[in-house]
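Using the numbering used here, the letters of the sequence shown map in sequence onto residues 8 to 506.
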Amino acid sequence: MTRVEESSPKPKGGPAPQAANASPEVLYRALLAAVLDPTIAIDIRGTIVTASASVEKIFGYSPEELYGRNIKMLMPEPHRSRHDSYLAHYASTGVTGILNRTRDFEVLHKNGRAITIELSVARAEMPGGEPLFIGSFRDITQRKTAELALAESERRFRAIFDSSYQYMGLLRVDGTVLEVNQTSLDAVGGQRQDAIGRKFWDTAWWGVSEPGAERVKQAVEEAAKGEFVRFEAQLRGPEGELVTVDFSLKPVHDADGQVVLLIPEGRNISELKRAQRAELAMLRALATIGENAAMLAHEIKNPITAVNVALRAVSKQLGEDDRAVLEDLVTRMQRLEALMRRTLSFTKPLDLRLTEFDLRELVDTAVKSQRPEILKRGGDVRIEVQPGLKLRADRQLVDEVLTNLIRNALEAVGDGARVAISARAVPGGALVAVEDNGPGIAESLKLSLFKPFSTTKAKGTGLGLAFCRKVVEEHGGTIDALTSSLGGARFEIRLPNPR
C-alpha cells in the first residue's frame with residue numbers, strides 16, 4: 008500500500024484525485040450534468056434513453072420528463088408526423104440526411120413555442136447491442152433573428168443605394184471594388200459582376216482614355232492617405248456618348264483614425280456644363296457689345312433720330328389718316344431707340360458706388376416716384392421697414408431695382424392694385440420684398456423670368472427683371488420670384504452687409 012502511494016504522488020496543493028477511482032456510471036452522469044449544449048441520446052426507434060441536465064434551459068423539460076418518450080414529441084409538424092417514416096427509411100437503407108452533419112432545425116419548447124436550433128447528430132455503436140444516436144442542440148433563435156434583421160437592413164440599404172440619383176460605390180483602400188449601385192452601372196451599361204473585385208481604374212467607367220484611368224488611380228492613392236479628392240471626369244455612356252461627371256473620393260476612417268474604405272461618388276453634370284457653355288458664350292457676346300456700346304449707340308441713334316425727323320416732316324404734308332399711320336411709325340421708332348439704349352446699357356459692366364443709406368428713405372423715394380401711377384390706378388402701397396435698417400450698396404441702382412419692381416406690380420394688377428413693400432435684417436444681410444395682389448407668375452414663366460428679352464407685356468422690353476437680377480448679383484445678393492400671401496407675385500431680394 009505504501010508502495011502504491013509512493014508511485015502515485017499527490018498533486019501539489021491538494022489531495023490525490025478521486026475521479027480515477029469513480030465508476031463509469033458516476034463519470035457518465037457527471038459528464039451529462041456538466042455538458043453545456045443540451046444533448047439527447049435516442050435508440051433506433053426514436054425513444055429517448057438519456058439527456059443532459061442542460062436540456063431544460065432550451066426545451067423546458069427536465070431529463071426525467073424526457074426519458075422513455077419518443078423524440079418526435081419535440082418536433083413540429085410536418086416532421087412529427089413523418090418521423091416514423093424517417094426511421095423506417097433509415098432502417099431499410101442506412102441512409103439519412105442528419106448524421107455527421109450540422110443543420111438548422113426547429114424544435115418545440117414545453118410551452119409549445121417553436122425554437123430555432125443548430126442540430127448535430129452522430130451514431131454511437133454500443134457493444135453487444137443496438138446503436139444510439141446522439142444529438143447535440145444549440146439555441147440559435149437570437150442569431151437567426153439578428154440574421155433576418157441584418158438581411159432586411161441590407162435589402163433596405165440596397166433599395167436606397169440602387170435608387171440614388173448619384174453614382175455611388177464602395178472600395179477597399181487598394182482600390183478594389185466592393186460594391187456599386189445600379190445608377191452607376193446604368194451610366195455605362197455595365198453589369199455588377201464585371202466591376203466587383205476589380206481595381207476601380209480598370210473598370211468600364213474609365214475606358215475613355217488612359218489619362219483618365221491614371222488620374223483615378225492617383226486619386227485612390229490620395230484618398231487612401233486620408234485626403235478628400237474631387238475633380239471633373241468624362242465617362243463613355245451606353246450609347247457611346249461622353250458624359251461629364253463631378254467625381255469625388257471620400258475616405259472612411261475607423262475608430263483609430265485609420266482609412267479602411269473609400270466611397271466614390273459621381274454626379275452627371277453634362278447638361279449643366281452645356282448650359283454653362285451656352286451662357287458663357289452669350290455673356291462673352293454681350294460683353295463684346297458692352298465694350299462697343301458707345302459706338303453702337305452713336306451708330307444706331309443717329310439714323311433713328313434722322314428717320315423720326317423725316318417722318319414728322321412728311322406727316323405735316325399728309326392727310327389726317329396718313330398722318331396717324333406715320334405717327335404710329337414714329338412711336339415704334341422711338342420704342343426701338345429706347346430698347347436699343349436699354350440693351351446697350353444692360354450690356355455695360357456696372358460701376359458700383361457703395362454708400363451707406365437708410366433703407367426706409369430709399370423705399371419712400373421709390374414709392375414717391377410711382378405716386379402718379381398709384382393714384383391713377385386707385386392703388387394702395389403698404390410699407391413696413393425695420394426701423395434703423397441701413398444698407399451699404401449703390402443707392403441709385405438699388406432704387407432703380409425697387410422702382411422697377413413696384414412699377415411691374417402696378418402694371419400686373421391694374422386698377423385697385425395693392426402693393427406691399429417690406430424690409431428687415433436677416434442673418435448675413437437684409438431681406439427686401441415687393442408683393443402684390445395680382446395674378447401671380449405662371450409656372451411656365453418662372454425659368455425664363457429673369458432672362459433678357461423675356462416679357463409678357465405688349466410694350467415691354469424684357470430687360471427690367473434681367474437688369475434687377477444683374478444689379479442684385481453684382482452686389483453679391485439674390486433675387487427670387489415667389490407667391491405672395493396677397494395672392495399675386497412676391498419678389499424677394501437678399502442683399503449683404505446691412506448696417
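Using N, Cα and C, we set each Cβ at its ideal position, and we do this for glycine too.
{"Query": "Which of helix, strand or coil does DSSP assign to residue 260?", "Result": "strand"}
{"Query": "Compute the Euclidean distance between the alpha carbons of residue 85 and residue 256, then round it to the nearest angstrom.", "Result": "54 Å"}
{"Query": "Measure how close the beta-carbons of residue 122 and residue 113 come, nearest whole angstrom, since I'm counting them as under 8 Å.", "Result": "7 Å"}
{"Query": "What does DSSP give as the partner residues of residue 71 in its beta bridges?", "Result": "None; residue 71 has no bridge partner."}
{"Query": "Which ranges does the alpha helix (DSSP H) cover as unbroken runs of at least 4 residues, wholly within the segment 52-129, from first to last along the chain?", "Result": "62-66, 70-73, 86-100"}
{"Query": "Can you name, in chain order, every residue of its own chain whose Cβ lies under 7 Å from the Cβ of residue 372, other than the five neighbours on each side?", "Result": "406"}
{"Query": "Determine the extent of the beta strand (DSSP E) in which residue 2 is found, giving its start and end residues.", "Result": "Beyond the ends of the chain as shown, which are 8 and 506, falls residue 2; an answer cannot be given."}
{"Query": "Under 7 Å Cβ to Cβ from residue 2, same chain only, skipping five residues before and after it: list those, please.", "Result": "Residue 2 is absent from the structure shown; the chain starts at 8 and stops at 506."}
{"Query": "Which of helix, strand or coil does DSSP assign to residue 279?", "Result": "helix"}
{"Query": "Take residue 398 as the anchor and find which of 432, 381, 65 has the nearest alpha-carbon.", "Result": "432"}
{"Query": "Could you tell me the distance, in whole angstroms, from the CA atom of residue 430 to the CA atom of residue 392?", "Result": "5 Å"}
{"Query": "Closest to residue 174 by CA distance: which of 408, 182, 189 is it?", "Result": "189"}
{"Query": "From residue 367 to residue 421, what does the alpha carbon distance come to, in whole angstroms?", "Result": "25 Å"}
{"Query": "Out of 226, 312, 249, point me to the one whose CA is closest to residue 272's CA.", "Result": "226"}
{"Query": "Identify the continuous beta strand (DSSP E) that holds residue 429 and give its terminal residues.", "Result": "425-433"}
{"Query": "Taking C-alpha atoms, which residue in 424, 362, 395 lies nearest to residue 378?", "Result": "424"}
{"Query": "Output the boundary residues of the alpha helix (DSSP H) element that contains residue 381.", "Result": "378-383"}
{"Query": "When the distance is taken between beta carbons, is residue 441 closer than 8 Å to residue 512?", "Result": "Missing from the structure shown is residue 512; the chain here goes from 8 to 506 and no further."}
{"Query": "For residue 321, which residues in the same chain have their Cβ closer than 8 Å to its Cβ, ignoring the five residues on either side in sequence?", "Result": "333"}
{"Query": "How would you write the range of the alpha helix (DSSP H) that residue 410 sits in, first residue to last?", "Result": "402-420"}
{"Query": "Start and end of the beta strand (DSSP E) containing residue 498?", "Result": "496-503"}
{"Query": "Just reading off the beta strand (DSSP E) that residue 363 is part of, what are its end residues?", "Result": "361-365"}
{"Query": "Give me the Cα-Cα distance between residue 478 and residue 388, rounded to the nearest whole angstrom.", "Result": "24 Å"}
{"Query": "State the DSSP-derived secondary structure class of residue 219, mapped to helix, strand or coil.", "Result": "helix"}
{"Query": "Terminal residues of the continuous alpha helix (DSSP H) containing residue 236?", "Result": "Element bounds for residue 236: not the alpha helix (DSSP H) but the beta strand (DSSP E), 236-243."}
{"Query": "Could you give the residue range of the alpha helix (DSSP H) that holds residue 479?", "Result": "471-481"}
{"Query": "Please state the DSSP three-state secondary structure of residue 4.", "Result": "Lying before the first or after the last residue shown, residue 4 is absent from the chain, which here runs from 8 to 506."}
{"Query": "Put residue 490 into one of helix, strand or coil per three-state DSSP.", "Result": "strand"}
{"Query": "From residue 163 to residue 453, what does the alpha carbon distance come to, in whole angstroms?", "Result": "37 Å"}
{"Query": "Should residue 500 be labelled buried (16 or more other beta-carbon atoms within 10 Å of its own) or exposed?", "Result": "buried"}
{"Query": "Buried or exposed for residue 116, please, with buried defined as at least 16 other CB atoms from any protein chain shown within 10 angstroms of its CB.", "Result": "exposed"}
{"Query": "So, for residue 402: in the same chain, excluding its five sequence neighbours on each side, which residues have a beta-carbon less than 7 Å away from its beta-carbon?", "Result": "362, 364, 369"}
{"Query": "Out of 444, 485, 451, state which residue places its alpha-carbon closest to the alpha-carbon of residue 497.", "Result": "444"}
{"Query": "Alpha carbon to alpha carbon, what distance is there between residue 404 and residue 483?", "Result": "14 Å"}
{"Query": "If residue 184 and residue 207 are in contact, beta carbons under 8 Å, what's the gap, nearest whole angstrom?", "Result": "6 Å"}
{"Query": "Is the distance from the Cβ of residue 419 to the Cβ of residue 446 below 8 Å?", "Result": "yes"}
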